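Throughout the sequence shown, residue numbering follows UniProt numbering, covering 1 to 117 in sequence.
What follows is one structure encoded as structure tokens, with my remarks underneath.
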Amino acid sequence: MDKVLIRELRIETVIGIYEWEKQIHQSLLIDLDMAWDNRLAAASDDYQHALCYETVSNRLTALITEKPIELIETVAEMIATCVMSEFNVPWVKVKVMKPGAVPTASAVGVEIERGYA
């Protein structure tokens with residue numbers, strides 16, 4: 001299976017369950033593995049056949065910053081749904097990390113897979 005990858009997409013947004021978290025922006029780090037048949041893009045060297053990681057990144061940033069969200073689990077599901085429905089990706093693995101959420105850990109997070117490879 002071919003994949004298009006995005007690593008450590010940093011999104012500054014309002015995320016959290018505590019009142020103080022709802023007053024500030026915090027960083028989320030997003031990793032995506034997206035199933036995509038790259039053969040046509042590679043053979044034709046034509047951008048229109050590629051899954052554009054910049055377009056995906058920009059869309060996800062807009063999605064996640066449009067309103068406050070409490071849980072990173074919600075963020076992961078929103079990302080998976082968006083990527084599969086808007087970009088016709090048949091399978092996606094999404095990892096959402098929240099740096100600094102637990103003082104004794106560099107980050108905490110969730111990882112989900114949706115769709116069929």
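Backbone N, C-alpha and C define an ideal beta-carbon position, used for all residues, glycine too.
Small disclaimer: the values here were computed from a predicted structure and weren't measured.
Indicate the three-state DSSP secondary structure (helix, strand or coil) for residue i in the structure shown.
i, result
"I69", "strand"
"V108", "strand"
"V4", "strand"
"I17", "coil"
"A101", "coil"
"I79", "helix"
"A62", "helix"
"V94", "strand"
"A42", "helix"
Could you round the C-beta distance between residue i and residue j to whole angstroms and report it? I think they count as a contact, below 8 angstroms.
i, j, result
"M1", "A43", "About 17 angstroms separates the two Cβ atoms, so there is no contact after all."
"V83", "Y53", "In fact, because the Cβ distance is near 11 angstroms, the residues do not count as touching under 8 angstroms."
"A76", "V89", "That belief does not hold up - the Cβ atoms of A76 and V89 are roughly 15 angstroms apart, past 8 angstroms."
"I17", "E70", "5 angstroms"
Return yes when the Cβ of residue j is within less than 8 angstroms of the Cβ of residue i, no when it is not.
i, j, result
"I72", "L40", "no"
"A105", "M97", "no"
"I64", "I6", "no"
Could you tell me if the beta carbon of residue i falls within a distance shorter than 7 angstroms of some heavy atom in the ligand GTP?
i, result
"Y53", "Absence of the ligand GTP from the depicted structure is noted, as is the absence of any ligand whatsoever, leaving it without description."
For residue i, which residues of its own chain have a beta-carbon under 7 angstroms away from its beta-carbon, when the five flanking residues on both sides are left out?
i, result
"P68", "V14, K22"
For residue i, collect the residues of the same chain with a Cβ closer than 8 angstroms to its Cβ; drop the 5 residues on either side in sequence, then sort them by chain order.
i, result
"L9", "L29, I30, D31, L32, S57, L60, T61"
"D37", "D2"
What does a CB cutoff of less than 6 angstroms around residue i pick up in its chain, not counting 5 residues either side in sequence?
i, result
"R114", "A80, V92"
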